[in-house]
Amino acid sequence: MCQAPRAAGDASAAADVDVVTSGGRRRIPAHSSVLASASPVLESILQRRLKKHRDGGKAGRAVVRIRGVTDDAAAAFVRLLYAGSSGCGGEEEEIEEKSAAQVLVLAHAYRVPWLKRRCEEEIGSRLTAESVVDATQLAGLCDAPALHLRCTRLLAKEFKAVEKTEAWRFLQDNDPWLELDILQRLHDADLRRRKWRRKREEAAGVRGAERGDGLPAPHLHGGVHGGGPGGAGAGGGAVPGVRDGVPGTAAADPPLLPVPPHQLPALPAHVAAAPPPRRALRPPRRPVQHPSLHAVQAQGGGEGGGEGR
851 MCQAPRAAGD ASAAADVDVV TSGGRRRIPA HSSVLASASP VLESILQRRL KKHRDGGKAG
911 RAVVRIRGVT DDAAAAFVRL LYAGSSGCGG EEEEIEEKSA AQVLVLAHAY RVPWLKRRCE
971 EEIGSRLTAE SVVDATQLAG LCDAPALHLR CTRLLAKEFK AVEKTEAWRF LQDNDPWLEL
1031 DILQRLHDAD LRRRKWRRKR EEAAGVRGAE RGDGLPAPHL HGGVHGGGPG GAGAGGGAVP
1091 GVRDGVPGTA AADPPLLPVP PHQLPALPAH VAAAPPPRRA LRPPRRPVQH PSLHAVQAQG
1151 GGEGGGEGR
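Heads up: the sequence shown runs through residues 851 to 1159, numbered per my numbering.
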């Protein structure tokens, strides 16, 4: 197990900085080279502090303050930085549940990516309906996508239980924007899930059609028009243009044979009866020939001329 300096002894003899917690009640001896190699933010802070300490001619070690967390969380943070820089990658060091959230905040603030991922895994593995709301808010503040995804999955799975928690009621009263964001993400996740299910069903239909020798899916489930399996229509006959399950290889039609009249089925009575007699058509009427206008005028002129004479 990787060890970090814990007290003024053999390890702290070469320490050149003291990490002081928020309360100031605890000083953790550390090496500036280890802290600077683990975090670029601490490297920048240490450069200024050590230069100021040397220029001032002060005795003792320089001081680096870690604020905003408990003493145990700050000590766990330094211990994990040492574990990560010792070659074992910090995988063997356990992160306690009570300090995991605060260590995640420190890893995000001091830009320690591997420790941030470790904290995301630890918090995500212990998620419950009671803690998922706080974890969602923490994931948003610390830009933790892996933890954010785990929270979304748990919210979608157990949202009815989450709605009954005190954390959700507090969220509704004090942070409606986060509530709206959670509901929107759940809605989007539901849409993606439905789209994925629809694509999976379509892919299953395509695979079923391929197993059916290239026939479309409807032919595999009741024929072309809902008939029997493999049938065309209600009769369950063969599909036109298909022979032996291979499209485009239809068998040749058999020759038509004459059927004797006595073997023909009888027609229904309303079809076999003789049609009613038709009414005789009237002969076409001859057109009436009217005299032309010139003939009428000529006749009228002759009569008028006789009377005048």
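Ideal Cβ placement from N, Cα and C applies to all residues, glycine included.
CA-CA distance, residue i and residue j?
i     : j     : result
G873  : D921  : 7 Å
Q952  : A923  : 6 Å
Q897  : R904  : 11 Å
S981  : K1010 : 14 Å
A979  : C992  : 21 Å
A957  : I1032 : 25 Å
I973  : A950  : 7 Å
W1018 : V891  : 35 Å
S935  : D1040 : 43 Å
E1060 : T1015 : 50 Å
G1095 : R1057 : Annotation note: pLDDT 49 at G1095 (below 50); position unreliable, no value reported.
R1042 : A933  : 41 Å
E1029 : K908  : 52 Å
Q1022 : T871  : 34 Å
W964  : R917  : 21 Å
V983  : G990  : 11 Å
H998  : V1012 : 16 Å
I945  : S975  : 12 Å
R1050 : D1038 : 18 Å
P1026 : F1020 : 10 Å
A925  : N1024 : 32 Å
S883  : R877  : 18 Å
Quick one: residues in its chain with C-beta nearer than 7 Å to the C-beta of residue i, no 5 flanking neighbours on either side, listed in chain order?
i     : result
A857  : Confidence is the limiting factor: at A857 the pLDDT is only 38, short of 50, which leaves the residue's position unreliable, though a coordinate-based value still follows. For A857, where only same-chain residues beyond five positions count, there are no Cβ hits under 7 Å.
E893  : A886
A1006 : L1036 and A1039
Less than 8 Å between C-beta atoms, sequence neighbours within five positions excluded: which residues of the same chain meet that for residue i?
i    : result
S889 : L931, Y960, R961 and V962
I895 : V914
L977 : A985, R1000, C1001 and L1004
R899 : V867, A912, V913 and V914
R875 : D921
Determine the extent of the beta strand (DSSP E) in which residue i is found, giving its start and end residues.
i    : result
I878 : R877 to A880
R915 : A912 to R915
P870 : It should be pointed out that residue 870 corresponds to Val in this sequence rather than to Pro. From DSSP, the beta strand (DSSP E) with V870 extends over V867 to V870.
Let me confirm a value: residue i is counted as buried when at least 16 other C-beta atoms fall within 10 Å, else exposed. Which label applies?
i     : result
E1052 : exposed
A1054 : exposed
T986  : buried
L988  : buried
A864  : exposed
R911  : buried
V869  : buried
R1048 : exposed
K966  : buried
E947  : exposed
P879  : buried
R968  : buried
G1064 : Summary for G1064: the model assigns pLDDT 48, below 50, so the residue's position carries little reliability; its value from the coordinates is reported in the next sentence. Label assigned to G1064: exposed.
If I follow the unbroken alpha helix (DSSP H) through residue i, where does it start and stop?
i     : result
R961  : Careful: R961 lies outside any alpha helix (DSSP H) and carries neither H nor E.
A924  : D921 to S935
K901  : P890 to D905
E1016 : E1016 to N1024
Cutting at 6 Å between CB atoms, please list the residues of its own chain near residue i, excluding the five before and the five after it.
i     : result
E1008 : A979
H881  : A865
F927  : V953 and L956
R1035 : T1002
E970  : A994, A996 and L997
Any beta-carbon of chain D closer than 9 Å to the one on residue i?
i    : result
Q987 : The displayed structure is made up of one protein chain only, and chain D is not part of it.
Runs of 4 residues minimum, wholly inside the region 963 to 1013: which ones carry the alpha helix (DSSP H) assignment? 963 to 975, 982 to 991, 995 to 1007 and 1009 to 1013
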